[in-house]
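Number of protein chains: 2
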Amino acid sequence: MSTPALVTLPDIEAAAVRLAGVVRRTPLLLTQLGRPEAPLWLKAESLQLGGSFKLRGATNAVAQLHDDERARGVITHSSGNHAQALARAAREAGIAATIVMPSQAPAVKRAATEALGANVMVVDISEREAVTERLRVETGAVFVPPFDHPAIIAGQGTVGLEIAEELPDVATVLVPVSGGGLISGIAAALKADRPHVRVVGVEPELAGDLAEGFTAGQRVTWSSANTGRTIADGLRVTAVGDLNWHHIRTLVDDVVTVSEDEIRAAMRLTILEAKLVCEPSGAVAVAGYFAHSKRVGPGPTVAVVSGGNVESSLVRDVLR
Amino acid sequence: MSTPALVTLPDIEAAAVRLAGVVRRTPLLLTQLGRPEAPLWLKAESLQLGGSFKLRGATNAVAQLHDDERARGVITHSSGNHAQALARAAREAGIAATIVMPSQAPAVKRAATEALGANVMVVDISEREAVTERLRVETGAVFVPPFDHPAIIAGQGTVGLEIAEELPDVATVLVPVSGGGLISGIAAALKADRPHVRVVGVEPELAGDLAEGFTAGQRVTWSSANTGRTIADGLRVTAVGDLNWHHIRTLVDDVVTVSEDEIRAAMRLTILEAKLVCEPSGAVAVAGYFAHSKRVGPGPTVAVVSGGNVESSLVRDVLR
């Protein structure tokens, strides 16, 4: 089996050009929350248009469609943030989008996706790939996957470019992991010129498929019955993608896990102290910073707050 | 009675130089929430160090102390955000700070001020000026007022400089009003080069002393029993300062008021849609945008989200 080519820094720099004017350059904020030897910065992708980093990859993918592909529109499956992002990128490009969404997705994410003009289909999470494929064949729409695609990885990698530009002496970047698009892109962006920057993935213990696979040296798939238990609804994907796995095993330094209580505490801290509204998935990297001080190590540290799309009832619950 | 000199653009530009490296340049974020004819931007001073714009004025004032003044330290009275700001500015400058705080101030603000190393005295709100004066005489500390001082106004005015730099075609800026330091500085910064930019003050109806005085053409004082009723704890000051009044009547275009329900709705929107944690005072300008579309007028509009220091119980309450 051949090893696929990894996304390169020039791929990510080209994505940054395509994203300019559509995607927001999000703030990188130094907090007062860190340990003295490892100041903690937050990359606030929660303030990205649409409330998550996903707009970067979706915009980069849509920007590279040919005219005949644009005419047929795009389709994807997503638990929410990729859905909104693709819907927004499609609307910006003036093309149609169909989104297949698992029934567990928060109502706030479904409503936001529909408000962006997308055609939303709700199905059981176990059927989403099959339904997406059937619709793709029927309509001819172009499938834009949530993470397992070089254009998606290159787009998400622009987060890494911005970190490197604004914090040149960054030592460690902590990244929430679901399908692996964000960490693959960030690692590809940072490791090219800065091989000594540590890139660390963070997963919920309840969706720790990559942590297990990273230690074992081979990709592992968990059941959706398992990963569905975490509060971090954006991180319930059952395995990283194939292309993502190749990036991670080549470029990522470590993968750690955090408990549900640690995720809730990190959400509370991010909301009340850093003043950033975050979803549970968005707080996972912050949780990793506090739960794994030795594996994080010293030096300027960035936790990527990947998204802020959260139901008000959940915010109330974690602030109780 | 002579009219005092107004703060000038060069005063504010000099403040910006003093603030560099201490105070954060906060993001100016385009929301999706505005009316088509008046896009709504948020100036997120909630993300300022210490959680409010107040660090700007305090830092500018402390930076101009002479050596003998530095040795005696600084003192002020404040319902919270100026307290934290002066405590932080004093700590950065390596000098002592005493803060006289009214007993109604949220516990989170008192705790934050003490954590910054300040000596905090809690008194009834009606006594705070007398107690501050007594301590000032006893200790020789330099009084740094919350708003009625040219150095404070010039420091807060750097918010206006940043808005003008990042959004050159800004048409209207909405500013929460308490003692008037922030709106005085912003108006002085913007009106010098851009006389056609509209600067509009926003107050809670329950603390509408400036709205009444602005219409009447003379400064009005409300009782603290009245202003104490608003949820916006940062805006309970009973009158704008004297120097602030001179800036406002010369430079400000309009002053509007908003109801408590409108403030709560604006908080909810700012938290859930713009993903910014804000205190009630910080949401007042957003509330003004929605409550007064005609008086806001068309064109790119900025609402200053002045602070984000809020108790978790209040966030839970407004999200109910």
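Top line first, the protein sequences correspond to chains A and H.
Heads up, the working numbering is the position in the first sequence plus 40, with the first residue counted as 1.
Heads up, the working numbering is the position in the second sequence plus 40, with the first residue counted as 1.
For glycine and all other residues, C-beta sits at the position ideal for the given N, C-alpha and C.
Following the continuous alpha helix (DSSP H) through residue i, name the residue where it begins and the one where it ends.
i	result
H/Thr99	94-102
H/Ala51	It is worth fixing the name first, because residue 51 of chain H is Asp in this sequence and not Ala. Residues 49-59.
H/Thr179	168-179
H/Val148	147-155
H/Val355	352-358
H/Gly90	From DSSP, H/Gly90 is part of no alpha helix (DSSP H); its letter is neither H nor E.
A/Ile192	190-196
Quick one: list the residues of chain A neighbouring residue i, beta-carbon separation under 9 Å, in chain order.
i	result
H/Leu359	Ser352, Ser353, Val355, Arg356, Leu359
For residue i, which residues does DSSP report across the bridge?
i	result
A/Pro244	A/Val298
H/Val140	H/His117, H/Met161
H/Leu82	H/Leu69, H/Ala343
A/Arg75	A/Ala78
A/Phe183	A/Ile115
H/Val63	H/Ala60
Check the Cβ of residue i against every Cβ in chain H and list those closer than 8 Å, keeping chain order.
i	result
A/Ala303	The identity of residue 303 of chain A in the sequence shown is Ile, whereas the question assumes Ala. Those do not exist, as A/Ile303 stays about 17 Å from chain H at its closest Cβ, beyond 8 Å.
A/Ser118	Residues of chain H passing the Cβ test: none, with the nearest at roughly 19 Å.
A/Met91	Note that residue 91 of chain A is Gly in the sequence shown here, rather than Met. By Cβ distance, chain H contributes Lys315.
For the ligand FAD, is there a heavy atom less than 8 Å away from the beta-carbon of residue i?
i	result
H/Leu87	Only the bare structure without any ligand can be found here, which leaves the ligand FAD out of the picture.
Under 7 Å between beta-carbons, which chain A residues line up against residue i? List them in chain order, please.
i	result
H/Pro216	Within chain A, no residue comes near H/Pro216; the closest Cβ sits about 16 Å away, beyond 7 Å.
H/Ser86	Lys315
H/Leu69	Leu87
Along chain H, which residues have their Cβ under 7 Å away from the Cβ of residue i?
i	result
A/Ile311	Val317
Taking residue i as the query, report the chain A residues whose CB atoms sit under 8 Å from its CB, ordered along the chain.
i	result
H/Gly348	Lys315
Quiz item: At what residue ranges does the segment 274-338 of chain A contain a whole run of the alpha helix (DSSP H), taking only runs of 4 or more?
Solution: 282-291, 300-312, 320-331, 333-336
Quiz item: At what residue ranges does the segment 201-278 of chain A contain a whole run of the alpha helix (DSSP H), taking only runs of 4 or more?
Solution: 221-233, 249-256, 264-267
Quiz item: Are there three or more Cβ pairs, one per stretch, closer than 8 Å when the segment 239-251 of chain A is compared with the segment 214-226 of chain A?
Solution: yes
Self-check item: Three CB pairs or more closer than 8 Å across the segment 81-93 of chain A and the segment 341-358 of chain A
Solution: yes
Quiz item: Is the segment 156-165 of chain A touching the segment 118-131 of chain A, taking contact as three or more C-beta pairs under 8 Å?
Solution: yes
Quiz item: Quick check: the segment 258-267 of chain A against the segment 221-238 of chain A, are there 3 or more CB pairs under 8 Å?
Solution: no
Quiz prompt | Cβ pair count under 8 Å reaching 3, the segment 275-295 of chain A against the segment 183-195 of chain A | solution = yes
Practice problem: Pair every Cβ in the segment 171-184 of chain A with every Cβ in the segment 236-245 of chain A, then say whether three or more of these pairs are closer than 8 Å. | Solution: no
Quiz item: Between the segment 135-149 of chain H and the segment 106-119 of chain H, are three or more C-beta pairs nearer than 8 Å?
Solution: yes
Quiz item: Are at least three pairs of beta-carbons, each pair with one atom in the segment 46-65 of chain H and one in the segment 195-214 of chain H, less than 8 Å apart?
Solution: yes
Quiz item: Quick one: any contact between the segment 93-106 of chain A and the segment 57-65 of chain A, if contact means 3 or more CB pairs under 8 Å?
Solution: yes
Quiz item: If we count Cβ pairs, one from each stretch, closer than 8 Å, do we get three or more for the segment 105-112 of chain H versus the segment 322-342 of chain A?
Solution: no
Quiz item: Looking at C-beta atoms only, is the number of pairs between the segment 286-304 of chain A and the segment 203-211 of chain A that lie closer than 8 Å three or more?
Solution: no
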